[in-house]
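Chemist:
Residue numbers (the numbering used here), protein chains in the order written: chain A, 55 to 276; chain B, 55 to 276.
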């Protein structure tokens, strides 16, 4: 069986779970506590990051970007990167936007400070990082709201990896109740649409010991 | 004419210049002072980063990852991402390794502190960052040395984007004379080979006002 090494609140792992699910590729999830730096894991992925996908053939594929490009080439049915060259530029531009810009400006400051530090025993959240995260998320949420208002999906008319990248970060932040959905009604509608897809189900069932998500987290009609 | 917006010492811009050169795609270079946040530039690339490629058709393609995937799809002659699925995984894994891990652990700590801060008027280098950069570069240089010792090119038997990613970071650090080449003889041989390719010439001619690279920087038999 195909194995995906992951962490429940890693948006990069979630993006790959959504891509695998949408492409109807069965896989088994294994949690990898990356901070333990397990030698067997590092042998396949010296960077020591999640996610890593291991195919039944034994091919090990680290990093969410590498995995998603691989999935698109190995399993081209249900394309997730767009059809024309211009569409593919816009999908990938937004994946970079969410995974790097949103990731550095919001997810790192809020999720890593509040959750990852505690889980991996690296101390208390840094107040400056939290303040920066809360300031940045407002700007990002209105950009997502504008995209959702002017397009059917994040990158245009087609559901794509851009939607999965955005929804992965947002779903992790929603788990810690850090999203002011009422300030962004179009983004909220778009998120409700993507949340009700079958591939999203397993994400909403994730639990992290010692943490309870808000009531609306797994509610499809929130 | 195709235009590439860049900065001379941006390794991400250099990687794209090498890919364009190797694929023999003519282009004009324009320097973009990203810290000035020019509205016309941000309209095409809201992230405000270099590089950005603009095709003659007007299609604007931001971000070095997005550009390189685009180039491979639009101009598949002279493939730079490998042929088999497994080769493509290894090429992309190493591109991520150099652009993210090497980039964050070495380039950001040395080049950004010493050069980019000065050019963009953001003050003096931070001592802690420089110490971290010098500690990390030793580890990274021995990994590159090991790759060069055991393989013809970084990702295997074929010249690829992994070589261009590695050489782009190293060439920027070599410009500020921060590479102890004598400690990594196989890496030095590999770099001399890649440096003598025609696509590398324009990189070695870059000058930055107020800075003089070491004598060996542009010497092909260094």
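Just so it is clear, CB atoms sit at the ideal spot from N, CA and C, and this is done for glycine as well.
Hey, out of 119(B), 169(B), 99(B), whose CA is closest to residue 147(B)'s CA?
Modeler: Here the closest residue by C-alpha is 119(B).
Chemist: Going straight from the alpha carbon of residue 183(A) to that of residue 161(A), what length do you get?
Modeler: Roughly 10 Å between the two C-alpha positions.
Chemist: Comparing the C-beta of residue 248(B) with each C-beta of chain A, is any distance below 8 Å?
Modeler: Not closer than 8 Å to any Cβ of chain A, the Cβ of residue 248(B) fails to qualify, so no.
Chemist: With a 10 Å radius around its C-beta and 16 neighbouring C-beta atoms as the bar for buried, classify residue 99(B) as buried or exposed.
Modeler: Classification of residue 99(B): buried, given that the 10 Å Cβ count is 16 or more.
Chemist: Which term fits residue 62(A), buried or exposed, when burial requires 16 or more other beta carbons within 10 angstroms of its beta carbon?
Modeler: Answer is buried; the Cβ neighbour count reaches 16.
Chemist: By the criterion of Cβ-Cβ separation under 7 Å, what are the contact partners of residue 77(A) in chain B?
Modeler: Within 7 Å Cβ-Cβ: nothing; residue 77(A) doesn't reach chain B, min ~15 Å.
Chemist: Does any C-beta atom of chain A lie closer than 8 Å to the C-beta of residue 147(B)?
Modeler: Yes - at least one Cβ of chain A is within 8 Å of the one on residue 147(B).
Chemist: What separation, rounded to the nearest whole angstrom, lies between the Cα atoms of residue 233(B) and residue 180(A)?
Modeler: Taking the straight line joining both Cα atoms gives about 35 Å.
Chemist: According to DSSP, what are the bridge partners of residue 83(B)?
Modeler: Paired residues: 58(B).
Chemist: So that I know if they touch, is there some Cβ in chain A lying closer than 8 Å to that of residue 116(B)?
Modeler: It does; some Cβ of chain A falls within 8 Å.
Chemist: Where do the ends of the alpha helix (DSSP H) carrying residue 262(A) lie?
Modeler: First-last for residue 262(A): undefined, no H or E at that position.
Chemist: Between residue 223(B) and residue 252(A), what straight-line distance do the alpha-carbon atoms span, to the nearest angstrom?
Modeler: When rounded, the distance between both Cα atoms is 42 Å.
Chemist: When the cut-off is 8 Å and only beta carbons count, does residue 201(A) lie next to chain B?
Modeler: False, the Cβ-Cβ gap to chain B never drops below 8 Å.
Chemist: Jot down the residue ranges of each uninterrupted alpha helix (DSSP H) in the region 105 to 131 of chain B, minimum 4 residues, whole runs only, in chain order.
Modeler: If we require 4 residues or more, the alpha helix (DSSP H) runs fully inside the region 105 to 131 of chain B come out as 118 to 128.
Chemist: Nearest-angstrom Cα distance between residue 269(A) and residue 169(B)?
Modeler: Each residue's Cα considered, the two are about 49 Å apart.
Chemist: Nearest-angstrom Cα distance between residue 248(A) and residue 195(B)?
Modeler: Going by the C-alpha atoms only, they are around 44 Å apart.
Chemist: Starting from residue 77(B), trace the alpha helix (DSSP H) in both directions and tell me its first and last residue.
Modeler: Counting along the chain, residue 77(B) falls outside any alpha helix (DSSP H), and DSSP gives it neither H nor E.
Chemist: If you draw a straight line from the C-alpha of residue 93(A) to the C-alpha of residue 174(A), how long is it?
Modeler: Taking the straight line from one Cα to the other gives about 18 Å.
Chemist: Which first and last residues belong to the alpha helix (DSSP H) in which residue 190(A) is found?
Modeler: Per DSSP, residue 190(A) belongs to the alpha helix (DSSP H) from 181 to 204.
Chemist: Do residue 104(B) and residue 115(A) count as a contact pair if the criterion is CB distance below 8 Å?
Modeler: It is not a contact, given that the beta carbons lie outside the stated cut-off.
Chemist: Relative to chain A, which residues along the region 99 to 126 of chain B have a C-beta separation below 7 Å, given in chain order?
Modeler: Answer set for the region 99 to 126 of chain B: 101, 113, 115, 116, 117, 119, 120, 123, 124.
Chemist: Between the C-alpha atoms of residue 134(B) and residue 262(B), what's the straight-line distance to the nearest angstrom?
Modeler: When rounded, the distance between both Cα atoms is 29 Å.
Chemist: Can you tell me where the alpha helix (DSSP H) with residue 242(A) in it begins and where it stops?
Modeler: Taken as a continuous stretch (DSSP letters only), the alpha helix (DSSP H) holding residue 242(A) covers 239 to 249.
Chemist: Using three-state DSSP, classify residue 136(B) as helix, strand or coil.
Modeler: Here residue 136(B) sits in coil by DSSP.
Chemist: Taking the alpha-carbon positions, what's the residue 109(A) to residue 74(A) distance?
Modeler: If I take the Cα positions, the gap works out to 12 Å.
Chemist: Any beta carbon from chain B within less than 8 Å of residue 192(A)'s own beta carbon?
Modeler: It does not; no Cβ of chain B falls within 8 Å.
Chemist: Assuming residue 224(A) is part of the alpha helix (DSSP H), what are its boundary residues?
Modeler: 215 to 229 is the span of the alpha helix (DSSP H), which, as asked, contains residue 224(A).
Chemist: Is there a C-beta anywhere in chain B that falls below 8 Å from the one on residue 150(A)?
Modeler: Taking Cβ atoms only, chain B reaches closer than 8 Å to residue 150(A), which makes this a yes.
Chemist: Given that residue 140(A) touches chain B, what residues does it touch there, using C-beta distances under 8 Å?
Modeler: Near residue 140(A) (Cβ distances below 8 Å), the residues of chain B are 113.
Chemist: Is DSSP giving residue 210(A) helix, strand or coil here?
Modeler: Correct three-state label for residue 210(A): strand.
Chemist: Check residue 174(B) in the structure and name its three-state DSSP category.
Modeler: Residue 174(B): coil per DSSP, three-state reduction.
Chemist: Just to confirm my understanding: we take residue 237(B), look at its own chain, exclude 5 residues before and 5 after, and list those with CB closer than 7 Å. What are they?
Modeler: Within the same chain, residue 237(B) has close Cβ partners 195.
Chemist: Measuring only between beta-carbons, confirm whether residue 155(B) sits less than 8 Å from chain A.
Modeler: Residue 155(B) counts as touching chain A.
Chemist: Does the beta carbon of residue 143(B) sit closer than 8 Å to a beta carbon anywhere in chain A?
Modeler: Yes, because at least one Cβ of chain A sits closer than 8 Å to the Cβ of residue 143(B).
Chemist: Determine the DSSP secondary structure at residue 157(B), reduced to helix, strand or coil.
Modeler: Correct three-state label for residue 157(B): helix.
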